[in-house]
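K.L.:
Under the working numbering, think of the first position of the sequence shown as 13, with each following residue one higher. Glycine included, C-beta positions come from ideal geometry on N, C-alpha and C. No experiment lies behind these values; they were computed from the predicted model shown. Mind looking over this structure? Questions follow.
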Amino acid sequence: MADGTATTPGHPSRNAIFDAVRADRTGPVAVRLLSLALIGEPFVRREAMGLLCSLTINQPWSEAVEAALDRLGDPDEEVRRRAAYLVGYRGQPDLLLALLGDLTDPVVRTVLARALGPAVARLRTDRLLAVRFLAHLETLRAAPPERWPALDTALLTDAREAALHLADIGHLWGHVLCRLGREQHAYALVARLLADPTTRDIGAGLAREACHQRRAAPVALLPLLIRYHDQETTPGLEDALRTALISEEARQVHRHLVTELPFTPPPQPRRSPFGNPPAYDSTSAAAHLATKPMNIGRLGHVTAIFSALLDAGPLTSRQAAQLYNLTFDRPGRSQAECAPLWLRHAGPFVLPRLLALMTAHLTDCTLGELYLAGLARMGPVALPALPAVTAMIDRRTRIPVGASTADGEMQLDEHILSAARHTRQAILTAVVPCPSPRMPPQ
């Protein structure tokens, strides 16, 4: 614990502690960890409490909650914060409400209030402004529109002092507003908060959350972020500006402002869904396929291989069966790459089936770009898929994707958006004749 290895993810010391505690929560390692959370040095107490939080994520541990309850009055603020987190997210709601009525420490009370979830809405008259802000925000989440103005006023009134104990207050506020579809109100609120130096970081956090959730937000907010960045930047403002610059549209619309920035906008990911394949001719492609089973499910460089064969003439029955299995066996890269090839082989009568397969996966965070690339290669014959592609482009919210950070998720959505625009352009090019039909293998 003292040398930090026990709290280093993936370190053998940490793994050994987790294995021992999970195997026996009454054993010597578990008992020692609980005691260190209570009587160790401040650094040790902090790390021990952090380990207890991790060890109770998927399995209740009443002794850990009891240890955390004992440390809610710890002299070290971070120990109190971690203890409150453990009690808040592993304890019972009735216990949390009772503690909120008895405790006075603002750090602990704020953490406990956040852990209450929807139940925090009943604390709109709490004496601590951070708790009151959370209560009003939770109320806003489910309130009818006629109640919004009064709640907006209450939130704005409490925001400055509530931010003393809610470091991510702008993120919380922006999340609720954007989920309610109140984009324009969110933008106006950002402008108001940024204009006041005492609330500038709150406004920056709100702006950043809006950019993470709404595609139009970077275009609307980038000029404001640049203006106040030029006046007197803060870490929060730097983060918000960096996030807004992820948007290609925002950079293009406001390029005259972006060129004057003292730092370079972050690079955009450009992941090619198809690598650079080796060169194949019909002979080498046929020889390669001859080594593969007929019921093949995956094949590297599939586009290059079958394109070479189709350029040379019709596929053999075995090759056609292989392409059929690659196209229709399962969703994934092979299907996305092979669908245009199967269309080329079988002809337009298979188009409805292929497009139904492909459009079902356009918003998939791992496969969407592959299917968009496939539709782009089909070109104008994929015109029936245009409404699905256009819907992706026109949506106002970000496509849910998997990434380790909110900025990373935004970058992936921007990349998918760019791919969708490219696909739409490819579909809308001059109409070309569809290949003549060939019957699929029996």
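(1) Less than 9 angstroms between the C-beta atoms of T169 and A418, yes or no?
(2) Do L253 and L234 have their CB atoms nearer than 9 angstroms?
(3) Under a three-way DSSP split, which group does R226 fall into?
(4) State buried or exposed for E244, treating a residue as buried only when at least 16 other CB atoms are found within 10 Å of its CB.
(5) For L163, which residues from the same chain have a beta carbon less than 7 angstroms from its beta carbon, with the 5 sequence-adjacent residues on both sides left out?
(6) If we count the other Cβ atoms within 10 Å of its Cβ and call it buried at 16 or more, is G39 buried or exposed?
(7) To the nearest angstrom, report how far apart L64 and R263 are at their CA atoms.
(8) Are S319 and L353 close, meaning C-beta to C-beta below 9 angstroms?
(9) Going by DSSP, name the residue or residues bridged to T409.
(10) Between L140 and R121, which are expected to be in contact by the criterion C-beta below 8 angstroms, what is the C-beta distance as a whole number of angstroms?
(11) By a C-beta neighbour count over all protein chains shown, 10 Å radius and 16 as the cutoff for buried, is M422 buried or exposed?
(12) How many Å lie between R191 and A32 at the Cα?
(13) Find out if the Cβ-Cβ distance for the pair A332, H373 is shorter than 9 angstroms.
(14) State yes or no: is the C-beta of R212 within less than 9 angstroms of the C-beta of L249?
(15) For A291 and L321, I'd like the C-alpha separation in whole angstroms.
(16) Quick check on M13: buried or exposed, where buried means 16 or more other Cβ atoms within 10 Å of its Cβ?
(17) DSSP state of T245, grouped into three classes?
(18) Three-state secondary structure (DSSP) at E53?
(19) Closest to G129 by CA distance: which of L146, D138, R433 is it?
(20) In or out: Q334 buried (at least 16 other Cβ within 10 Å) or exposed?
(21) Quick check on this structure: which residue in A431, L338, W160 has the alpha carbon closest to the alpha carbon of H313?
(22) Could I get the ranges of all uninterrupted alpha helix (DSSP H) runs contained in the stretch 156-216, with 4 residues as the minimum, in chain order?
(23) Could you check which residue in G380, L395, L327, L236 has the C-alpha nearest to that of P360?
(24) Buried or exposed: which applies to G462, given that a residue is buried once 16 or more other Cβ atoms fall within 10 Å of its Cβ?
(25) Going straight from the alpha carbon of L167 to that of R227, what length do you get?
(26) Please list the terminal residues of the continuous alpha helix (DSSP H) segment that includes L382.
(27) Taking Q104 as part of the alpha helix (DSSP H), name the residues at either end of that continuous run.
(28) Can you have a look at T137 and say buried or exposed, based on whether 16 or more other CB atoms are within 10 angstroms of its CB?
(29) Starting from W354, trace the alpha helix (DSSP H) in both directions and tell me its first and last residue.
(30) Which same chain residues end up closer than 7 angstroms to V265 when comparing Cβ atoms and leaving out the 5 residues on each side of it in sequence?
(31) Exposed or buried, what is A368 when buried is set at 16 or more other beta-carbons lying within 10 Å of its beta-carbon?
(32) Might you give, ordered along the chain, the residues of its own chain that have their beta carbon closer than 7 angstroms to the beta carbon of R433, omitting 5 neighbours on each side?
(33) Going along the chain, which residues of its own chain have a beta-carbon closer than 7 angstroms to the beta-carbon of L218, five neighbours each way excluded?
(34) Looking at the structure shown, is Q264 part of a helix, part of a strand, or coil, going by DSSP?
(35) So, helix, strand or coil for C4, using DSSP?
(36) Kindly provide the ranges of any alpha helix (DSSP H) runs that are 4 or more residues long and lie completely inside the stretch 74-153, ordered along the chain.
P.N.:
Taking the definition as stated:
(1) Taking the sequence shown and counting its residues from 1, the one referred to as residue 169 is at position 157. Taking the sequence shown and counting its residues from 1, the one referred to as residue 418 is at position 406. No, they are not a contact pair.
(2) To locate residue 253, count along the sequence shown from 1; it is residue 241. To locate residue 234, count along the sequence shown from 1; it is residue 222. Yes; because the gap between Cβ atoms is below 9 angstroms, this pair is in contact.
(3) Along the sequence shown, one-based indexing puts residue 226 at 214. Here R226 sits in strand by DSSP.
(4) Residue 244 sits at position 232 when you count from the first residue of the sequence shown. So E244 counts as exposed.
(5) The residue labelled residue 163 in the question sits at position 151 within the sequence shown. Cβ neighbours of L163 beyond the five flanking positions: H148, T151, L152, A155.
(6) In the sequence shown, residue 39 corresponds to position 27, counting from 1. So G39 ends up on the exposed side.
(7) For this step, residue 64 is matched to residue 52 along the sequence shown. For this step, residue 263 is matched to residue 251 along the sequence shown. In a straight line, the C-alpha of L64 is about 45 angstroms away from that of R263.
(8) For the purposes of this step, residue 319 is taken as residue 307 along the sequence shown, with counting starting at 1. For the purposes of this step, residue 353 is taken as residue 341 along the sequence shown, with counting starting at 1. Their beta carbons are under 9 angstroms apart, which means S319 touches L353 by this criterion.
(9) Stepping through the sequence shown from its first residue, residue 409 is reached at position 397. Note: T409 sits in a beta bridge opposite R226.
(10) If you number the sequence shown from 1, residue 140 lands on position 128. If you number the sequence shown from 1, residue 121 lands on position 109. Sure, about 5 angstroms apart at Cβ, within 8 angstroms.
(11) For this step, residue 422 is matched to residue 410 along the sequence shown. That one is buried.
(12) Taking the first residue of the sequence shown as 1, we reach residue 191 at position 179. Taking the first residue of the sequence shown as 1, we reach residue 32 at position 20. Looking at the two C-alpha atoms, the distance is approximately 42 angstroms.
(13) For the purposes of this step, residue 332 is identified with residue 320 of the sequence shown, where counting begins at 1. For the purposes of this step, residue 373 is identified with residue 361 of the sequence shown, where counting begins at 1. Contact: no.
(14) For this step, residue 212 is matched to residue 200 along the sequence shown. For this step, residue 249 is matched to residue 237 along the sequence shown. A contact, by the Cβ cut-off of 9 angstroms.
(15) Your numbering for residue 291 matches position 279 in the sequence shown. Your numbering for residue 321 matches position 309 in the sequence shown. Straight-line Cα distance between these residues: approximately 12 angstroms.
(16) For the purposes of this step, residue 13 is taken as residue 1 along the sequence shown, with counting starting at 1. Counting Cβ neighbours within 10 Å, M13 comes out buried, since at least 16 surround it.
(17) Position 233 of the sequence shown holds residue 245. Looking at T245 - three-state DSSP - the assignment turns out to be coil, as it is neither helix nor strand.
(18) Working through the sequence shown from its first residue, we reach residue 53 at position 41. It is coil, neither helix nor strand.
(19) Your numbering for residue 129 matches position 117 in the sequence shown. With distances taken between Cα atoms, G129 lies closest to L146.
(20) Within the sequence shown, numbered from 1, the residue matching residue 334 stands at position 322. Buried.
(21) If you number the sequence shown from 1, residue 313 lands on position 301. H313 has its Cα closest to that of L338, out of A431, L338, W160.
(22) 160-174, 181-191, 195-207
(23) If you number the sequence shown from 1, residue 360 lands on position 348. Out of G380, L395, L327, L236, L395 has the C-alpha closest to the C-alpha of P360.
(24) The structure shown does not extend to residue 462, since the chain spans only 13 to 454, so no value can be given for it.
(25) As a working note, residue 167 is residue 155 in the sequence shown. As a working note, residue 227 is residue 215 in the sequence shown. L167 and R227: Cα-Cα distance of roughly 25 angstroms.
(26) As a first step, residue 382 is located in the sequence shown; it is residue number 370 there, counting from the start. L382 -> alpha helix (DSSP H) spans 380-390.
(27) Within the sequence shown, residue 104 is the residue found at index 92, counting from 1. Per DSSP, Q104 belongs to no alpha helix (DSSP H) and is neither H nor E.
(28) Counting from 1 along the sequence shown, the entry for residue 137 is found at position 125. That one is exposed.
(29) What you label residue 354 is simply residue 342 of the sequence shown in a count that begins at 1. Residues 345-358.
(30) Reading the sequence shown from its first residue, position 253 is the one you call residue 265. Around V265: V231.
(31) Mapped onto the sequence shown, residue 368 falls at position 356. Its Cβ having fewer than 16 others within 10 Å, A368 is exposed.
(32) Position 421 of the sequence shown, counting from 1, holds the residue named residue 433. Cβ within range, chain order: I405.
(33) As a position in the sequence shown, residue 218 is number 206, starting the count at 1. Contacts found: G182, W185, G186, A198, L201, V202, L205.
(34) Your numbering for residue 264 matches position 252 in the sequence shown. The answer is helix: DSSP assigns Q264 an H, G or I state.
(35) Shown here, the chain extends from 13 to 454; a query on residue 4 therefore has no answer.
(36) 74-82, 89-102, 105-114, 118-127
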